[in-house]
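Residue numbers (my numbering): 12 to 382. Heads up, the beta-carbon is just placed ideally off N, CA and C, and yes, glycines get one too.
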Amino acid sequence: MKIFLSNPLSPPFPPVGDRRAVALMSGGVDSSVAARILIKEGWKVAGLTMVIPGQGGPGGPVVRSAAEAARTLSIPHYVADLEDDFRELVIDPFIAEYRAGKTPNPCARCNATLKLGRVWDAAEEAFGAVALATGHYAQIISAGGRAALARGADWNKDQSYFLYGIKRERLPRLLLPLGGLDKQSVRAMAREAGLEAAEKGDSMDICFDAGEGYRKLLGNGEGERGEIVDEEGRVLGFHDGVWNFTIGQKKGLGAASRGGLCVLEIDGEENRVVVGPRERALSRVVEAEEVNILLPDLLAKGADLFGKTRSRGEPAPLKITRLREGRMQVLFDEPQFAPAPGQRLVIYDGGGLVAGGGVIARGSGEPSCPG
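Spelled out as structure tokens, the structure:
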């Protein structure tokens with residue numbers, strides 16, 4: 012991974028000193044305002060833009076927009092060539108998980124492995140010990156004398172679900188300047204600062220699909236045709252690739268969608284999709300793997316806990332019934348609809364602190380072992 016100035020004539024980042032922060036900048040309004048807030052708070056800031064596949068390289072529109080924002084803010088702007096790293100850590104797992112019948116969450120994986128992992132490592136190698144800032148709507152607060160990740164003040168925009176994978180020891184140096192703001196306030200601050208990004212719309216697409224849609228990335232090659240069956244194995248129809256489906260899906264099932272059926276299981280190995288009544292997609296028990304724990308004391312003492320199995324919606328009450336060796340099993344008070352393998356289970360306390368989370372392995376009606 013190479014980090015270089017986007018404009019060789021730009022003043023470089025000071026090599027030493029306190030309150031130095033690298034702000035990840037995409038050229039959008041959120042990351043630009045996050046950098047602006049840090050400057051106003053007295054931080055020495057450098058902008059850093061990730062170059063990933065599908066964005067036109069170092070001379071593409073993303074880098075140009077971020078460089079323009081950095082120029083407006085009078086800060087140095089760097090570029091990190093991450094095309095190979097991004098393919099390794101995000102795109103390849105994304106494709107593999109979809110082909111295996113899972114529903115991946117590339118944003119959560121990118122944050123954990125790349126932005127808050129390898130990119131931060133590279134920034135420290137290039138600039139020394141620095142804080143890292145992002146434009147996510149989440150907060151870092153003090154809890155029991157230690158830094159903790161918490162939901163953003165605007166719970167409608169909260170993005171803490173996507174950040175649970177950060178290493179615990181890095182929380183004190185993660186800066187989330189937008190955590191206490193709503194989107195309207197952020198846009199007003201961008202206009203006040205003269206940032207071109209003030210009127211940019213929010214992107215809802217996967218960042219690396221270049222507007223073509225992720226199913227084109229996955230492809231529809233010959234030999235992927237498979238069966239859509241009911242729970243008894245009766246063939247109800249056919250599909251052109253298991254990656255076209257997710258647990259709970261009703262659309263795109265053809266004749267198999269009659270009677271309100273939805274996807275219950277995706278068997279990537281057998282290239283088969285199992286459908287059934289909606290109530291069969293409800294699960295009280297959810298198992299997760301690759302668990303990352305941020306607040307071990309909170310999980311250990313049996314506090315009132317809540318969980319989310321998708322980014323939208325409110326956390327629901329649950330109990331942890333098993334936690335060991337990187338795996339976790341939880342029992343929700345009420346059944347949750349369609350927890351999809353590959354998505355994330357994120358655990359919160361009643362005040363919005365993130366206790367930890369993991370990758371959903373399966374959902375079921377009852378625990379597989381006693382608590």
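Grab the span of the alpha helix (DSSP H) containing residue i for me, first residue to last.
| i | result |
| --- | --- |
| residue 179 | Taken as a continuous stretch (DSSP letters only), residue 179 belongs to no alpha helix (DSSP H), as it is neither H nor E. |
| residue 72 | 72-84 |
| residue 97 | 94-97 |
| residue 41 | 40-51 |
| residue 117 | 117-121 |
What is the DSSP secondary structure of residue i, counted as helix, strand or coil?
| i | result |
| --- | --- |
| residue 175 | coil |
| residue 295 | strand |
| residue 106 | helix |
| residue 195 | helix |
| residue 282 | coil |
| residue 375 | strand |
| residue 101 | helix |
| residue 204 | helix |
| residue 25 | coil |
| residue 221 | In this prediction, residue 221 has a pLDDT of 47, which is less than 50 and means its spatial position is unreliable; what the coordinates show is noted afterwards. Looking at residue 221 - three-state DSSP - the assignment turns out to be coil, as it is neither helix nor strand. |
| residue 385 | Within the shown structure, residues of the chain are numbered from 12 to 382, placing residue 385 beyond reach of any answer. |
| residue 233 | The predicted model places residue 233 with a pLDDT of 43, which falls under 50 and marks its position as unreliable; any figure quoted below should be read in that light. Note: residue 233 maps to coil in three-state DSSP. |
| residue 276 | strand |
| residue 335 | strand |
| residue 189 | coil |
| residue 68 | helix |
Just grab the DSSP bridge partners of residue i for me.
| i | result |
| --- | --- |
| residue 142 | 32 |
| residue 303 | 368 |
| residue 328 | 317 |
| residue 55 | 31 |
| residue 89 | 16 and 59 |
| residue 360 | 316 |
| residue 159 | 152 |
| residue 323 | DSSP output for residue 323 lists no bridge partner at all. |
| residue 238 | 249 and 283 |
| residue 355 | 370 |
| residue 340 | 298 and 333 |
Do residue i and residue j have their CB atoms nearer than 8 angstroms?
| i | j | result |
| --- | --- | --- |
| residue 212 | residue 41 | no |
| residue 369 | residue 302 | yes |
| residue 327 | residue 313 | no |
| residue 134 | residue 59 | yes |
| residue 299 | residue 372 | yes |
| residue 97 | residue 63 | yes |
| residue 160 | residue 174 | yes |
By the DSSP assignment, the beta strand (DSSP E) with residue i in it spans what residues?
| i | result |
| --- | --- |
| residue 247 | 246-250 |
| residue 253 | Looking at the DSSP string, residue 253 is not in any beta strand (DSSP E), and its letter there is neither H nor E. |
**Prompt:** Is there contact between the region 98-117 and the region 72-84, where contact requires at least three CB pairs shorter than 8 angstroms?
**Reply:** no
**Prompt:** With a cut-off of 8 angstroms, do at least 3 Cβ pairs link the region 127-141 to the region 23-39?
**Reply:** yes
**Item:** Stretch-stretch touch, CB-based, cutoff 8 angstroms, three pairs: the region 251-265 with the region 277-291
**Value:** yes
**Asked** Is the number of C-beta pairs between the region 324-338 and the region 267-284 that are closer than 8 angstroms three or more?
**Response** no
**Request:** Inspect the CB distances between the region 182-200 and the region 38-53 and report whether three or more fall short of 8 angstroms.
**Result:** yes
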